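Visitor: Protein chains in written order, with my numbering: chain H, 8 to 228; chain B, 172 to 247. A virtual CB, placed ideally from N, CA and C, is assigned to each residue, including glycine. Being a predicted model, the structure only gives us computed values, none of them experimental. Handing you this structure, nothing more for now.
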């Protein structure tokens, strides 16, 4: 399994993501700089990490979504390569229009940083197959712009298509319908505000995030 | 040539920042403000041969996120 983590100026969860990927695959991911134009040959899993890419200039994720490497990420996504965007990575995926909707300032205006319960809405995707539908899992969030917005028709469509992967069990940031994670049409791109890479070791206080990587990386126990 | 771009949230999109500004104005004792919506103003200095279509593309592709925002281009 060849994995890659895209690193933008201002990414700050790239090494946490690398630790998670290496822990599950036994192989360190390629760390790919935003100015690179190509992914390493044979990359079969791409992660967009959390952080504050380009200082959140213009809008969170806006500049990163237009960086050179994102064209290759979009091409890979179109070929069916799994792409996971966490936090700022989710913002980048919506700005790049690889996922529907947008992430706005939290309704309460405060940065929210705590472990929150999520409800697994779709347990059939390649990222969520290790969970049971309706299961409650605990994953940390840490964001200022996590307030998911899409128009009502889009929300109805993604709900109807089973593309809401995770929902906040309690309201966290004002997200429409408490949506915490969204899949693309083909199911190979997942964006989520909570950080599964921060819940992969008992020392983290929980390992619910580890199961996402195990499912996505094909090493289901 | 200077071009002004105004990016505003679409009607119906909640604006928590506008709400906070509104509350702050009320806290300062300013009465009579019914609502506040915050947006972004971008000033571009462009060559004369940049067309309206170019400017529109700049807004649609980067300056505004058309999922949540409208934009207005003001060219002298």
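Using C-beta distances below 6 Å, list every residue in its chain close to residue 184 (chain B), excluding the 5 sequence neighbours before and after it, in chain order.
Guide: Here the question's residue 184 (chain B) lines up with position 13 in the second chain. So the qualifying residues of the chain are 239.
Visitor: Between residue 2 (chain H) and chain B, is there a C-beta pair that is closer than 9 Å?
Guide: Not covered by the structure: residue 2 (chain H). The range shown for chain H is 8 to 228.
Visitor: Could you pull out every residue in the same chain whose Cβ sits closer than 6 Å to the Cβ of residue 9 (chain H), ignoring the five residues on either side in sequence?
Guide: If you number the first chain from 1, residue 9 (chain H) lands on position 2. The answer, listed in chain order, is 49, 50 and 51.
Visitor: Would residue 178 (chain H) pass as an interface residue toward chain B - the criterion being a Cβ-Cβ separation below 9 Å?
Guide: In the first chain, residue 178 (chain H) corresponds to position 171, counting from 1. Chain B, which has no Cβ nearer than 9 Å to the Cβ of residue 178 (chain H), makes this no.
Visitor: From residue 170 (chain H) to residue 221 (chain B), what does the alpha carbon distance come to, in whole angstroms?
Guide: Numbered from 1 along the first chain, position 163 holds the residue referred to as residue 170 (chain H). Numbered from 1 along the second chain, position 50 holds the residue referred to as residue 221 (chain B). Residue 170 (chain H) and residue 221 (chain B): Cα-Cα distance of roughly 41 Å.
Visitor: Contact check, residue 28 (chain H) vs residue 54 (chain H) under 8 Å by CB: the rounded distance?
Guide: The residue you call residue 28 (chain H) lines up with position 21 of the first chain. The residue you call residue 54 (chain H) lines up with position 47 of the first chain. 7 Å between Cβ atoms; contact.
Visitor: At 7 Å on the CB atoms, spell out the chain B contacts of residue 108 (chain H), in chain order.
Guide: Residue mapping note: residue 108 (chain H) aligns to position 101 of the first chain, counting from 1. 238, listed in chain order.
Visitor: Can you tell me which of the three DSSP states residue 141 (chain H) falls into?
Guide: Locating residue 141 (chain H) in the first chain gives position 134, where the first residue counts as 1. In the structure shown, residue 141 (chain H) sits in coil (DSSP, three-state: anything other than H, G, I, E or B).
Visitor: Residue 31 (chain H) by DSSP, collapsed to three states: which one?
Guide: Taking the first residue of the first chain as position 1, residue 31 (chain H) is located at position 24. Note: residue 31 (chain H) maps to helix in three-state DSSP.
Visitor: Would you identify the three-state DSSP class for residue 228 (chain H), choosing helix, strand or coil?
Guide: Position 221 of the first chain, counted from the start, is the residue given in the question as residue 228 (chain H). Confidence at residue 228 (chain H) is low in this model, with a pLDDT of 43, below 50, so the placement of that residue should be treated as unreliable; the coordinate-derived value is given next. If DSSP states are grouped into helix, strand and coil, residue 228 (chain H) belongs with coil.
Visitor: Please work out which residues of its chain come closer than 6 Å, Cβ to Cβ, to residue 21 (chain H), disregarding the five sequence neighbours upstream and downstream, and give them in chain order.
Guide: On the first chain, residue 21 (chain H) is found 14 positions in, with the first residue counted as 1. The answer, listed in chain order, is 12, 14 and 56.
Visitor: On the DSSP bridge list, what partners appear for residue 92 (chain H)?
Guide: In the first chain, counting from the first residue as 1, residue 92 (chain H) sits at position 85. DSSP, once it has assigned bridges, lists H:55 and H:198 as partnering residue 92 (chain H).
Visitor: Please check the pair residue 110 (chain H) and residue 196 (chain H), which I expect to be a contact at CB under 8 Å, by giving their CB distance rounded to whole angstroms.
Guide: Indexing the first chain from 1 puts residue 110 (chain H) at position 103. Indexing the first chain from 1 puts residue 196 (chain H) at position 189. About 15 Å separates the two Cβ atoms, so there is no contact after all.
Visitor: According to DSSP, residue 18 (chain H) sits in a beta bridge with which residue or residues?
Guide: Along the first chain, read from residue 1 onward, the residue named residue 18 (chain H) stands at position 11. In the DSSP output, where bridge partners are listed per residue, residue 18 (chain H) has H:58.
Visitor: Tell me the DSSP secondary structure of residue 216 (chain B) in three-state form.
Guide: To locate residue 216 (chain B), count along the second chain from 1; it is residue 45. DSSP places residue 216 (chain B) in strand when its eight states are reduced to three.
Visitor: Compare the C-beta of residue 191 (chain B) with all C-beta atoms of chain H and state if any pair is closer than 9 Å.
Guide: Stepping through the second chain from its first residue, residue 191 (chain B) is reached at position 20. Answer yes: the Cβ-Cβ gap between residue 191 (chain B) and chain H drops below 9 Å somewhere.
Visitor: In chain B, what lies closer than 7 Å to residue 111 (chain H) by C-beta?
Guide: As a working mapping, residue 111 (chain H) is identified with position 104 in the first chain. By Cβ distance, chain B contributes 239.
Visitor: Report the rounded CA-to-CA distance for residue 201 (chain B) versus residue 95 (chain H), giving the unit in angstroms.
Guide: On the second chain, position 30 is the one that residue 201 (chain B) refers to. On the first chain, position 88 is the one that residue 95 (chain H) refers to. Cα-Cα distance, rounded: 37 Å.
Visitor: Inspect the beta-carbon positions of residue 246 (chain B) and residue 174 (chain B) and report whether they are closer than 9 Å.
Guide: For the purposes of this step, residue 246 (chain B) is taken as the residue at position 75 of the second chain. For the purposes of this step, residue 174 (chain B) is taken as the residue at position 3 of the second chain. Yes.
Visitor: When you compare only the Cα positions, how much space is there between residue 150 (chain H) and residue 19 (chain H)?
Guide: On the first chain, position 143 is the one that residue 150 (chain H) refers to. On the first chain, position 12 is the one that residue 19 (chain H) refers to. One C-alpha to the other measures close to 12 Å.
Visitor: If we cut at 9 Å on Cβ distances, does residue 174 (chain B) have a partner in chain H?
Guide: Residue numbering aside, residue 174 (chain B) sits at position 3 when the second chain is read from its first letter. So no, residue 174 (chain B) is outside the interface.
Visitor: For chain H, find out if any of its Cβ atoms is closer than 9 Å to the Cβ of residue 199 (chain B); answer yes or no.
Guide: For the purposes of this step, residue 199 (chain B) is taken as residue 28 along the second chain, with counting starting at 1. So, not an interface residue.
Visitor: Beta carbons nearer than 9 Å to chain B: which residues of the region 89-103 of chain H have them?
Guide: Residues passing the 9 Å Cβ filter: 101 and 102.
Visitor: If the cut is a Cβ gap below 9 Å, which residues of chain H does residue 196 (chain B) touch?
Guide: Walking along the second chain from the start, residue 196 (chain B) turns up at place 25. Result: empty, since nearest Cβ-Cβ is about 15 Å, beyond 9 Å.
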